[in-house]
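Chemist: Residue numbers (UniProt numbering): 1 to 677.
Just so you know, even glycine gets a beta-carbon here, dropped at the ideal spot from N, CA and C.
1. In chain order, what residues of the same chain have a beta carbon less than 7 angstroms from the beta carbon of residue 149, not counting five sequence neighbours either side?
2. For residue 50, count the other beta carbons within 10 Å of its own beta carbon; 16 or more makes it buried, fewer makes it exposed. Which is it?
3. In this structure, does DSSP put residue 695 in helix, strand or coil?
4. Quick check on residue 345: buried or exposed, where buried means 16 or more other Cβ atoms within 10 Å of its Cβ?
5. Can you tell me the Cα-Cα spacing of residue 322 and residue 127, whole angstroms?
6. Tell me the rounded alpha-carbon separation between residue 385 and residue 329.
7. DSSP beta-bridge partners for residue 411?
8. Counting pairs of Cβ atoms below 8 angstroms between the segment 110–120 and the segment 129–139, do you hit three or more?
9. Kindly list the residues whose CB is nearer than 8 angstroms to the CB of residue 528, restricted to its own chain and excluding five residues on each side of it in sequence; keep chain order.
10. Could you tell me which of 522, 523, 497 sits nearest to residue 511, measuring between CA atoms?
11. Could you tell me which of 243, 513, 455, 409 sits nearest to residue 82, measuring between CA atoms?
12. What residues match up with residue 457 in a beta bridge as DSSP calls it?
13. Quick check: what's the CA-CA separation for residue 69 versus residue 430?
14. For residue 12, name the three-state secondary structure that DSSP assigns.
15. Shortest alpha-carbon distance to residue 590 belongs to which of 598, 616, 607?
16. Using DSSP with H/G/I as helix, E/B as strand and the rest coil, what is residue 322?
17. Taking the alpha carbon of residue 545 as the point to measure from, which residue in 195, 39, 623, 522 has its own alpha carbon closest?
18. Once you ignore the five residues that flank residue 85 on each side, which residues in its own chain have a CB closer than 8 angstroms to its CB?
19. What's the call for residue 631, buried or exposed, on a 16-neighbour Cβ count within 10 Å?
20. Using C-beta distances below 8 angstroms, list every residue in its chain close to residue 98, excluding the 5 sequence neighbours before and after it, in chain order.
21. What does the alpha-carbon distance come out to for the pair residue 336 and residue 91?
22. In the DSSP assignment, find the unbroken beta strand (DSSP E) run with residue 332 in it and report its ends.
23. Just tell me which of 351, 517, 314, 441 has its CA closest to the CA of residue 399.
24. Evaluate residue 487 with the Cβ neighbour count: other Cβ atoms within 10 Å of its Cβ, from every protein chain shown; 16 or more gives buried, anything less gives exposed.
25. Take the Cβ of residue 654 as the centre, count every other Cβ of all protein chains shown within 10 Å, and call the residue buried at 16 or more, exposed below.
26. By how many angstroms is the C-alpha of residue 579 removed from the C-alpha of residue 573?
27. Between which two residues does the alpha helix (DSSP H) carrying residue 203 extend?
28. Quick one: residues in its chain with C-beta nearer than 6 angstroms to the C-beta of residue 625, no 5 flanking neighbours on either side, listed in chain order?
29. Write down the C-beta distance between residue 680 and residue 423 rounded to the nearest angstrom, noting that I regard them as a contact closer than 8 angstroms.
30. Do residue 101 and residue 363 have their CB atoms nearer than 8 angstroms?
31. From the DSSP output, which residues share a beta bridge with residue 418?
32. Could you check the C-alpha separation between residue 238 and residue 420 for me, to the nearest Å?
33. Just how far apart, CA to CA, sit residue 438 and residue 644?
34. Taking the beta strand (DSSP E) that residue 587 falls in, what are its first and last residues?
35. Would residue 199 and residue 348 be called neighbours here (beta carbons separated by less than 8 angstroms)?
36. Tell whether a beta-carbon distance below 8 angstroms holds between residue 658 and residue 587.
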C-alpha cells in the first residue's frame, strides 16, 4: 500500500472523503456541461418521423393513447419482437416537448455516470478510481450523423444502462451481505432490462464473474443459488423471443439474422471499434479547420477549460503516490467486466442483416452506448496496472503521467469539438427548419387549407413532413405528397407525386399537372385510420370509402428554408398548374401564396420588401417580376419577429411562382423561398 506519512486521507485512498464528494459533484457538473448542447438538437431517427408526432397520429385516427399502446404491444409480438416495456416512449412523447425530452435524456445520462462510478467503486473499493470513472465519459461519448443512442431513440439506451448498472450494484451488495433483498432487486432490474430491449442478453455473464470472484471454487452451491434467477430469466426470455420469431411474421430487416460468420465477425469488429475514442472523428473528411470554423468562441473556450480539467485530473491521479493500489484480483474483475460491457452488446446487433449492410468503420449502432463504459473500465484497469508497475521508477512515472494527461486532454478536445460539429449540423439541417414551420403553422399558415387538401412538399425531403405532423400543429387533416421518396412513406401515409396525380398525365417522365380541369371520378377523402401489421409501430392509412368525387382537388405547394441565424421563410402556394420531373418541381403557378417570414436577428420585423415572379398559367413560362412593400401587403398575424401575409396575382392569365418568393431586410441576408431542388 502506498501512503505518505502524515497524509490526512483515509488509508488506501488518494482523495479524502470530503474531496471524493466534491470531486464527484464536479465530475457530474463537467459531464452536464459537455451534454448541454443536446438541448439544441432536433428529434432524430425514429423520434423525428414517428414518435414526436404521436399526438397528431392519435388525433387523425381518433385512437386513444391507451388503445395505441395496447395495439403496438400486440404488433411487436406479431412482428417477432419481445421487448414489451419499450412502448414507454408513447406516453413520453405524447406528454413532453422537445426541450423536456432532451433535458430528460441528459438527466438519465448523468444518472448512468453516477451509477458507473458507484459500480467501479464497488468492484475496486477505491473512491479515486470511481472519480476517474465518472470523469471519463465525455472522452468516449461520440455523437454521430447516424442512429445515435444519445441524440435519439427516446432515452432507450440510458434506461437500459440504468437497469444494468443497478442490477450489478445490487448484486455486489448481495455478495457482500447475502441479504435476499439485494438479490431480488438485482434480478428484478435485470428482468426489466430484458423486457425493454433485446441487445443485452449477454450481460448476465457479468453476474457470473462477480459471483466467481466472491466465492471462487469453494462455494459452488452459493454461486448456483445467486445466479439461478439470472439464468432462469435469460432462458425464459430467450425461449419467448425465439418462439415469437418462429411463429411470427418477421418483416423488419433489423430483426432478421444473417449467420454468415465472416459477415458477422466483420460487423462485430466495426461495432466494437465504434466505442473507441475518436473512431468517428477518424472517418471525417472535414478538415480540422472546417470543424473549428463552425464553433462559436464560447464553445472553444469551454473546450479549452474542460481539457485543462482533464489534464490535471488524469495527471494527479496517475502520478499521485498517496493512493493505495487496487488489488490484482479487483483489477482482473474490472477488466473482465469491461470486456463484457464492451463486447456483449456487439454480438446480437452484429447478427442483424440490416446493420451488417449499414455499419462502416467509425459508425456503430445504439448498443455502443453501453460499450463506451466497458472500454472506460478497460482503460482505467490498464492505467492502474501500469501505474503499479512504474512505482519503482518515479521519474519515468512522472514523465509518463504528463504525456498521458496531455494525450487524454487532446483526445477530449477533438472528441468534444466533433460532437459540437455534429450538433451544429443537425441544428441547421433539421431543428431550425422544423421549428420554423411549426411557428408558421401556429401563426395561421394553414388557415385557408381545407380538410383533405393535397400539400406537396418539395425538396429537401424532411421526415417530419407527414399528415400526423401537420394535424398536430395546425389542426388540419391534409394529404401529404412528396416529390421525392422517403423510406417510411408507406407507414406514414405520405404519397409520392406519381401515386397522387400520376393519372393526370400517365407514362411521361415530365408531367404537366393541371388541377383546374375536370377530373375523372376518384375516391373522396374520408380521413385516416390506423393499422398494425408487424412493421415496428402504427401504420397510418386512408379510410376506405365508397364515395367518389370529380371535383378538382385543392393543391398546395409548400416550401420552407431557414438560415443559420434563426431567420426563415415559409411559402404555401395554392397551385393551379405544376410541372414535375426527375423527382423535383420544375415549375409552378399559384393563384394565391401565403408567406410566413421569421427574422430573429432583428429587433423588429418592419419595412420588409417582397419580390416574386409571375408565370404564364397556360404555358408555365416565366413572366415579369414584381415587388411589394410592407404597406401594401395583405397581412395576417404579426409579432416582433414574424409576419404572415398573402400575395395574389392581379394580372390576367398569370399566376405566382411560389418558389420565387423572397424577402429582403430587416434580416442580414435575403430570405429565398426557391432554393434549387
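Modeler: Taking the definition as stated:
1. The answer, listed in chain order, is 157, 366, 368, 369.
2. Buried, since its Cβ has 16 or more Cβ neighbours within 10 Å.
3. Missing from the structure shown is residue 695; the chain here goes from 1 to 677 and no further.
4. By the Cβ-count criterion, residue 345 is buried, with 16 or more other Cβ atoms from all chains shown falling within 10 Å of its own Cβ.
5. With a pLDDT of 48 at residue 322, under the threshold of 50, the modelled position of that residue is not reliable, and the figure given next carries that caveat. Cα to Cα, residue 322 sits roughly 13 angstroms from residue 127.
6. Roughly 11 angstroms separates the two Cα atoms.
7. BP columns for residue 411 are empty, so no partner.
8. Contact between the segment 110–120 and the segment 129–139 is present, because at least three Cβ pairs lie under 8 angstroms.
9. Within the same chain, and ignoring the five residues on either side of residue 528 in sequence, the residues whose Cβ sits closer than 8 angstroms to its Cβ are 60, 61, 467, 477, 493, 540, 541, 542, 543.
10. With distances taken between Cα atoms, residue 511 lies closest to 497.
11. Distances from the alpha-carbon of residue 82 to those of 243, 513, 455, 409 put 243 closest.
12. Per DSSP, 482, 558.
13. One C-alpha to the other measures close to 28 angstroms.
14. Any reading at residue 12 must be qualified, since the residue scores a pLDDT of 43, below 50, and its modelled position is unreliable; the value itself is stated next. Judged by DSSP in its simplified three-state form, residue 12 adopts coil rather than helix or strand.
15. The shortest Cα separation from residue 590 among 598, 616, 607 belongs to 616.
16. Low confidence applies to residue 322: its pLDDT is 48, below 50, so where it sits in the model is not reliable, and the reading given next is rough at best. Reduced to three states, the DSSP call for residue 322 is coil.
17. Distance from the Cα of residue 545 is smallest, within the candidate group 195, 39, 623, 522, for 522.
18. Cβ neighbours of residue 85 beyond the five flanking positions: 192, 195, 196.
19. Counting Cβ neighbours within 10 Å, residue 631 comes out exposed, since fewer than 16 surround it.
20. Shown here for residue 98: same chain residues with a beta carbon closer than 8 angstroms to its own, the five before and five after excluded, namely 42, 43, 52 in chain order.
21. Taking the straight line from one Cα to the other gives about 38 angstroms.
22. Taken as a continuous stretch (DSSP letters only), residue 332 belongs to no beta strand (DSSP E), being part of the alpha helix (DSSP H) at 328–350.
23. The residue among 351, 517, 314, 441 with its C-alpha nearest the C-alpha of residue 399 is 314.
24. Exposed: under 16 other Cβ atoms inside 10 Å.
25. Buried.
26. Taking the Cα positions, residue 573 is about 14 angstroms away from residue 579.
27. DSSP places residue 203 in no alpha helix (DSSP H); its state is neither H nor E.
28. Cβ within range, chain order: 613.
29. As displayed, the chain neither begins before 1 nor continues past 677, which places residue 680 out of reach and without an answer.
30. Not in contact: residue 101 and residue 363 (Cβ atoms no closer than 8 angstroms).
31. None; residue 418 has no bridge partner.
32. Rounded to the nearest whole angstrom, the CA to CA distance from residue 238 to residue 420 is 40 angstroms.
33. If you take the alpha carbons of residue 438 and residue 644, they lie about 13 angstroms apart.
34. Residues 584–598.
35. Yes, the pair counts as a contact, with Cβ atoms nearer than the cut-off.
36. In this structure, residue 587 does not lie closer than 8 angstroms to residue 658 by Cβ.
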